[in-house]
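Chemist:
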Amino acid sequence: MTYPVSPGIAPRAADAPPAFGLSPAPHAPERELANLELTRRYLAAIEQSTSGGSDAGPGAAAFLAPDVVQEEFPNLFVPTGAKRDLAALEDAAARGRKVLSGQRYEVRHAHAAGDTVILEVLWVGTLAVPVRSLAEGAEMRAHFAVVLEIRDGKIRRQRNYDCFEPWPDAS
Numbered sequence: 099m100t101y102p103v104s105p106g107i108a109p110r111a112a113d114a115p116p117a118f119g120l121s122p123a124p125h126a127p128e129r130e131l132a133n134l135e136l137t138r139r140y141l142a143a144i145e146q147s148t149s150g151g152s153d154a155g156p157g158a159a160a161f162l163a164p165d166v167v168q169e170e171f172p173n174l175f176v177p178t179g180a181k182r183d184l185a186a187l188e189d190a191a192a193r194g195r196k197v198l199s200g201q202r203y204e205v206r207h208a209h210a211a212g213d214t215v216i217l218e219v220l221w222v223g224t225l226a227v228p229v230r231s232l233a234e235g236a237e238m239r240a241h242f243a244v245v246l247e248i249r250d251g252k253i254r255r256q257r258n259y260d261c262f263e264p265w266p267d268a269s
C-alpha cells in the first residue's frame with residue numbers, strides 16, 4: 099500500500115505525527131503502519147545522532163536487529179558498494195558524526211507491504227569538516243531509495259541506493 103507523506107520529519111521523533119505525517123485510512127493494515135512508524139523513528143534517531151544535543155533519544159542501533167545486514171550499492175563515496183553488519187554500521191555512524199554537524203531527511207514517498215518498507219528520500223548533510231571541494235558548513239545532498247525489511251519490531255535488512263548531487267570542482 100502507498101501512503102502520502104509530507105516533506106521532512108519532525109526534529110524530534112516524539113513531536114512527529116505517526117508514520118511520516120500521513121493520515122492513515124481507517125482500513126490501513128496495523129502492521130504496515132507500525133513498520134512505517136518504526137522507520138520514521140529510525141530516521142529521526144539518525145538525524146539526532148549529529149545534532150549534538152544530550153536529549154538525542156535512542157541511537158539508530160536500537161532499531162536494528164542483532165543480525166542486521168545493510169547493503170549500500172555503488173555510489174560516489176562507496177564506488178564498489180558495501181555490505182555491513184551491526185558493528186560495521188556502528189563504525190560507519192561514528193565516522194559520519196565526525197564529518198557531519200547535522201543531517202535531515204525529507205521523505206518524499208513511503209510504501210509499506212507487510213514487513214517491507216520502501217522510502218524515496220532527499221537527504222541533506224551539513225559538513226563539520228571540508229569534503230573534497232565543499233567547505234565546512236556546506237551541504238551535501240543525496241536522493242536515495244531504501245528498502246527495509248522488518249522482523250519482530252527491528253530492522254533486519256537495509257538496502258540503500260544513494261545518488262549524490264554533484265558539487266563544484268576544487269579551484
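Residue 123 in the numbering used here sits at position 25 of the sequence shown, and the numbers go up by one each step.
Backbone N, C-alpha and C fix where the C-beta goes; we use that ideal spot for every residue, glycine too.
Computed from a predicted model, the values in this text were never measured in an experiment.
In whole angstroms, what separates the C-alpha of arginine 129 from that of histidine 209?
Modeler: Distance between the alpha carbons of arginine 129 and histidine 209: 13 Å.
Chemist: What does glutamine 256 pair with, by DSSP beta-bridge criteria?
Modeler: Its beta-bridge partners are Gln168, Leu246.
Chemist: From what residue to what residue does the alpha helix (DSSP H) around valine 227 run?
Modeler: Here valine 227 belongs to no alpha helix (DSSP H), and DSSP marks it neither H nor E.
Chemist: Does DSSP classify alanine 159 as helix, strand or coil?
Modeler: Alanine 159 falls in the helix class under three-state DSSP.
Chemist: Using the C-alpha atoms, what's the distance from glutamine 146 back to glutamate 204?
Modeler: Roughly 14 Å between the two C-alpha positions.
Chemist: Measuring straight from C-alpha to C-alpha, what distance separates alanine 154 and threonine 148?
Modeler: Unreliable positioning characterises alanine 154 in this predicted model, as indicated by a pLDDT of 48, which lies under 50. The coordinate reading is nonetheless provided below. Looking at the two C-alpha atoms, the distance is approximately 9 Å.
Chemist: Rounded to the nearest angstrom, what separates glutamine 168 and leucine 184 at their Cα positions?
Modeler: For glutamine 168 and leucine 184, the distance between alpha carbons rounds to 8 Å.
Chemist: Taking three-plus beta-carbon pairs below 8 Å as touching, is the region 132-140 in contact with the region 207-224?
Modeler: The answer is yes - the region 207-224 touches the region 132-140, with three or more Cβ pairs under 8 Å.
Chemist: Given that a residue counts as buried once 16 or more other Cβ atoms are within 10 Å of its Cβ, and exposed if not, what is proline 105?
Modeler: For proline 105, the predicted model reports a pLDDT of 48, less than 50, meaning its position is unreliable; a value from the coordinates is still stated below. Exposed is the call here.
Chemist: If I'm right that valine 197 touches alanine 226 with Cβ under 8 Å, what's the distance once you round it to whole angstroms?
Modeler: Rounded, the Cβ-Cβ distance is 6 Å, consistent with contact.
Chemist: Between which residues of its own chain and glycine 200 is the CB-CB distance below 7 Å, once the five residues before and five after are set aside?
Modeler: Correct list, in chain order: Thr148, Ser149, Thr224.
Chemist: Which same chain residues end up closer than 8 Å to aspartate 250 when comparing Cβ atoms and leaving out the 5 residues on each side of it in sequence?
Modeler: Ala163, listed in sequence order.
Chemist: Have a look at the DSSP bridge pairing and note the partners of tryptophan 221.
Modeler: BP columns for tryptophan 221 point to Tyr203, Ala240.
Chemist: Note down the Cα distance separating serine 152 from leucine 217, rounded to an integer number of angstroms.
Modeler: Note that serine 152 scores a pLDDT of 43, beneath 50, so its modelled location is shaky and nothing firm can be said.
Chemist: How close, in whole Å, do the beta carbons of valine 166 and leucine 187 come, if the pair is a contact with beta carbons under 8 Å?
Modeler: Right, the Cβ-Cβ distance comes to about 7 Å (below 8 Å), so this counts as a contact.
Chemist: Tell me the residue span of the alpha helix (DSSP H) that contains asparagine 133.
Modeler: Start and end: 128-146.
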